[in-house]
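Reading through the structure tokens given below for one structure.
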Amino acid sequence: MACNQSNHSNQFSSPEINLIIKLTSPLSTVIILANLLIIIGIIYNRKLHNTPNYFFLSLLFADLCTGLALPFIPSMSLERYMKFSNCLILHIVPNFLFLSFLFNLVMVHYERYFCIVHPLQYSNFWVHRYVPLALLTVWIPPLLYASLPAFGWNKRPQNQSCEDCSYKYVFPREFIYLEVYGLLIPAILAIIFMTVRVLWITRSQMKDICKLHRSVQGDVPSDKEHRMNMRYAKCVAVVSLTFMVCWVPYIVYVNVSILALWQGKGKYSTEPQTHIILSCTGIGSMAIIPVVLGVGNRQYTKPIRKGLRKFWDSCRMGNDAKDFTNVEVV
Numbered sequence: 002m003a004c005n006q007s008n009h010s011n012q013f014s015s016p017e018i019n020l021i022i023k024l025t026s027p028l029s030t031v032i033i034l035a036n037l038l039i040i041i042g043i044i045y046n047r048k049l050h051n052t053p054n055y056f057f058l059s060l061l062f063a064d065l066c067t068g069l070a071l072p073f074i075p076s077m078s079l080e081r082y083m084k085f086s087n088c089l090i091l092h093i094v095p096n097f098l099f100l101s102f103l104f105n106l107v108m109v110h111y112e113r114y115f116c117i118v119h120p121l122q123y124s125n126f127w128v129h130r131y132v133p134l135a136l137l138t139v140w141i142p143p144l145l146y147a148s149l150p151a152f153g154w155n156k157r158p159q160n161q162s163c164e165d166c167s168y169k170y171v172f173p174r175e176f177i178y179l180e181v182y183g184l185l186i187p188a189i190l191a192i193i194f195m196t197v198r199v200l201w202i203t204r205s206q207m208k209d210i211c212k213l214h215r216s217v218q219g220d221v222p223s224d225k226e227h228r229m230n231m232r233y234a235k236c237v238a239v240v241s242l243t244f245m246v247c248w249v250p251y252i253v254y255v256n257v258s259i260l261a262l263w264q265g266k267g268k269y270s271t272e273p274q275t276h277i278i279l280s281c282t283g284i285g286s287m288a289i290i291p292v293v294l295g296v297g298n299r300q301y302t303k304p305i306r307k308g309l310r311k312f313w314d315s316c317r318m319g320n321d322a323k324d325f326t327n328v329e330v331v
């Protein structure tokens with residue numbers, strides 16, 4: 002028996018779908034446009050064509066794809082009626098894109114962490130020597146893991162006239178727990194560890210520089226020392242603010258979802274609207290991290306700033322020419 006088309010159309014006009022569109026449309030637009038601008042800035046600046054920026058370009062591309070898939074991720078908790086093959090694609094593709102984004106983010110942090118911690122050994126670092134292989138390691142494993150439901154690890158309902166499409170039929174509970182506690186949480190902890198380690202090393206190096214400077218100039222702190230301490234304080238403040246704004250919402254979303262899944266015995270016990278808001282804000286805020294890293298580097302935005310400056314100068318010259326013409330006419 003074919004699926005009821007009226008039920009299918011009513012689902013897509015439901016308040017949950019309208020809420021998803023309202024929340025994800027501005028987030029997706031900002032993420033996609035910001036990543037495109039940064040990608041263009043890196044591509045058109047030949048000085049940035051090196052190993053670290055190849056990994057960052059891969060991260061930006063994964064983030065751009067995450068922005069495209071963002072409207073589909075919150076809708077995974079909604080039940081629909083469609084062919085199971087289409088249902089698999091609807092769930093596997095966004096999950097793969099998000100996992101590849103997370104793997105790329107870990108790789109970018111790992112590459113920069115090794116460069117700072119072991120600068121003399123960086124040229125022999127396998128990530129630096131085998132860039133294509135390193136890029137494959139952040140794209141192939143997420144694809145293989147996300148595709149496991151297509152190879153049989155799912156809970157497809159049997160003997161039904163209409164096939165329900167929802168995450169609970171595509172992803173078994175064991176699959177979700179393994180993804181969260183075996184991939185997501187360890188990746189987040191690794192990023193936090195590397196960030197804290199780099200800040201700690203930077204602080205110790207600053208102390209050594211200040212000791213050498215005082216041994217030459219005297220015990221009185223100089224202006225350079227004050228500026229260094231101020232820059233370090235700003236760096237710590239930016240990192241802390243980024244963690245609070247970008248990581249905390251996603252961590253809250255993951256823990257609330259797992260707790261609700263555990264209490265609901267296979268279904269989210271929270272209200273659909275609450276889950277949609279948490280998923281949109283959590284994943285959307287996490288997807289902003291590459292944008293923050295890109296905007297923080299002036300080299301990435303240099304071509305864009307030049308283009309905007311030329312556009313502004315041309316507008317000013319046009320207005321000045323109009324004013325001069327009006328004066329001559331008068």
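When the letters of the sequence shown are read in order and numbered with my numbering, they come out as residues 2 to 331. Note that CB positions come from ideal geometry on N, CA and C, so glycine has one too.
**Report entry** Residues that DSSP places opposite Cys166 in a beta bridge
**Finding:** By one-based count along the sequence shown, residue 166 stands at place 165. Looking at the DSSP assignment, Cys166 forms a beta bridge with Arg81.
Query - Run of the alpha helix (DSSP H) containing His276, from where it starts to where it stops - result: As a first step, residue 276 is located in the sequence shown; it is residue number 275 there, counting from the start. Start and end: 273-288.
Query - Exposed unless 16 or more other CB atoms sit within 10 angstroms - verdict on Met318 - result: For the purposes of this step, residue 318 is taken as residue 317 along the sequence shown, with counting starting at 1. Exposed, because fewer than 16 other Cβ atoms sit within 10 Å of the Cβ of Met318.
Query raised in the report: In this structure, does DSSP put Pro173 in helix, strand or coil?
Result: Within the sequence shown, the letter at position 172 stands for residue 173. The answer is coil: DSSP assigns Pro173 none of H, G, I, E or B.
Query raised in the report: According to the Cβ coordinates, are Ile284 and Phe85 closer than 8 Å?
Result: Position 283 of the sequence shown, counting from 1, holds the residue named residue 284. Position 84 of the sequence shown, counting from 1, holds the residue named residue 85. In this structure, Phe85 does not lie closer than 8 Å to Ile284 by Cβ.
Query raised in the report: Where does Phe126 sit, in a helix, a strand or coil, going by DSSP?
Result: Counted from its first residue, the sequence shown places residue 126 at position 125. Note: Phe126 maps to coil in three-state DSSP.
Query raised in the report: How is Ser15 classed by DSSP in three states: helix, strand or coil?
Result: Reading the sequence shown from its first residue, position 14 is the one you call residue 15. Of the three classes helix, strand and coil, the one that applies to Ser15 here is coil, per DSSP.
**Report entry** Beta-carbon proximity of Ile93 to Ser148, cut-off 8 Å
**Finding:** Sequence index remark: in the sequence shown, residue 93 carries index 92 (1-based). Sequence index remark: in the sequence shown, residue 148 carries index 147 (1-based). Closer than 8 Å, so yes.
Report task. Assign Val239 to buried or exposed, taking buried as 16 or more other Cβ atoms, counted over all protein chains shown, within 10 Å of its Cβ. Result -> Position 238 of the sequence shown, counted from the first residue, corresponds to residue 239. By the neighbour-count rule (16 or more Cβ atoms within 10 Å), Val239 is not buried but exposed.
Query raised in the report: Can you list, in chain order, the stretches of the alpha helix (DSSP H) that have 4 or more residues and sit fully within the stretch 52-99?
Result: 52-70
Query - Under 8 Å between C-beta atoms of Ile202 and Val118 - result: Within the sequence shown, residue 202 is the residue found at index 201, counting from 1. Within the sequence shown, residue 118 is the residue found at index 117, counting from 1. Going by C-beta atoms, Ile202 is nearer than 8 Å to Val118.
Requested in this report: Quick one: give me the first and last residue of the alpha helix (DSSP H) that Met231 is part of.
Outcome: In the sequence shown, residue 231 corresponds to position 230, counting from 1. Counting along the chain, the alpha helix (DSSP H) containing Met231 begins and ends at 224-243.
Query raised in the report: Does the Cβ-Cβ distance between Lys255 and Val171 come in under 8 Å?
Result: Here residue 255 refers to the residue found at position 254 of the sequence shown. Here residue 171 refers to the residue found at position 170 of the sequence shown. Per the sequence presented here, residue 255 reads as Val, with Lys not at that position. Not a contact, by the Cβ cut-off of 8 Å.
Query - Of the residues Trp127, Pro158, Ile43, the one placed nearest Tyr111, counting alpha carbons only - result: Position 110 of the sequence shown, counted from the start, is the residue given in the question as residue 111. The candidate whose alpha carbon is nearest that of Tyr111 is Trp127.
**Report entry** Local conformation of Lys23 per DSSP, three classes
**Finding:** Reading the sequence shown from its first residue, position 22 is the one you call residue 23. Looking at Lys23 - three-state DSSP - the assignment turns out to be helix.
Requested in this report: Determine the DSSP secondary structure at Arg299, reduced to helix, strand or coil.
Outcome: If you number the sequence shown from 1, residue 299 lands on position 298. Collapsing the DSSP output to three states places Arg299 in a helix.
Query raised in the report: Rounded to a whole number of angstroms, what is the C-alpha to C-alpha distance between Lys169 and Lys156?
Result: Position 168 of the sequence shown, counting from 1, holds the residue named residue 169. Position 155 of the sequence shown, counting from 1, holds the residue named residue 156. So the alpha carbons of these two residues sit roughly 7 Å apart.
Report task. Let me know the secondary structure DSSP gives Trp248 once reduced to three states. Result -> The residue given as residue 248 occupies position 247 in the sequence shown. In the displayed model, Trp248 falls within a helix according to three-state DSSP.
Query raised in the report: Do you know how far the Cα of Met245 is from the Cα of Ala288?
Result: Translated into positions along the sequence shown, residue 288 becomes position 287. Translated into positions along the sequence shown, residue 245 becomes position 244. So the alpha carbons of these two residues sit roughly 14 Å apart.
Query raised in the report: On the three-pair Cβ rule with 8 Å, is the stretch 61-75 touching the stretch 28-43?
Result: Touching, yes, given that three or more Cβ pairs across the two stretches are closer than 8 Å.
Report task. Would you be able to state if there are at least three C-beta pairs under 8 Å between the stretch 99-109 and the stretch 131-141? Result -> yes
Query raised in the report: Would you call Met231 buried or exposed, if buried means 16 or more other Cβ atoms sit within 10 Å of its Cβ?
Result: For the purposes of this step, residue 231 is identified with residue 230 of the sequence shown, where counting begins at 1. With fewer than 16 other beta carbons inside 10 angstroms of its own, Met231 counts as exposed.
**Report entry** Same chain, Cβ closer than 8 Å to Leu89, five either side skipped, listed in chain order
**Finding:** As a position in the sequence shown, residue 89 is number 88, starting the count at 1. Pro150, Ala151, Asn155, Val171.
Query raised in the report: Closest to Val257 by CA distance: which of Leu121, Phe73, Leu279 is it?
Result: Along the sequence shown, read from residue 1 onward, the residue named residue 257 stands at position 256. The shortest Cα separation from Val257 among Leu121, Phe73, Leu279 belongs to Leu279.
Query raised in the report: Which term fits Ser59, buried or exposed, when burial requires 16 or more other beta carbons within 10 angstroms of its beta carbon?
Result: By one-based count along the sequence shown, residue 59 stands at place 58. By the neighbour-count rule (16 or more Cβ atoms within 10 Å), Ser59 is buried.
Query - Same chain, Cβ closer than 7 Å to Glu226, five either side skipped, listed in chain order - result: Stepping through the sequence shown from its first residue, residue 226 is reached at position 225. Correct list, in chain order: Cys211, His214.
Query raised in the report: Helix or strand or just coil, what does DSSP make of Val181?
Result: For the purposes of this step, residue 181 is identified with residue 180 of the sequence shown, where counting begins at 1. DSSP, read as helix, strand or coil, puts Val181 in helix.
Query - Sequence-distant residues of its chain with Cβ nearer than 7 Å to Gln300 (five each side left out) - result: Locating residue 300 in the sequence shown gives position 299, where the first residue counts as 1. Excluding positions up to five away in sequence, the list reads Asn46, Leu49.
Query raised in the report: Between which two residues does the alpha helix (DSSP H) carrying Pro142 extend?
Result: As a working note, residue 142 is residue 141 in the sequence shown. It spans 141-147 - the alpha helix (DSSP H) in which Pro142 sits, taken as one unbroken run.
Query raised in the report: At what residues does the alpha helix (DSSP H) containing Leu121 begin and finish?
Result: Residue numbering aside, residue 121 sits at position 120 when the sequence shown is read from its first letter. From DSSP, Leu121 is part of no alpha helix (DSSP H); its letter is neither H nor E.
Query raised in the report: Can you name, in chain order, every residue of its own chain whose Cβ lies under 8 Å from the Cβ of Met229, other than the five neighbours on each side?
Result: Numbered from 1 along the sequence shown, position 228 holds the residue referred to as residue 229. Around Met229: Met207, Ile210, Cys211.
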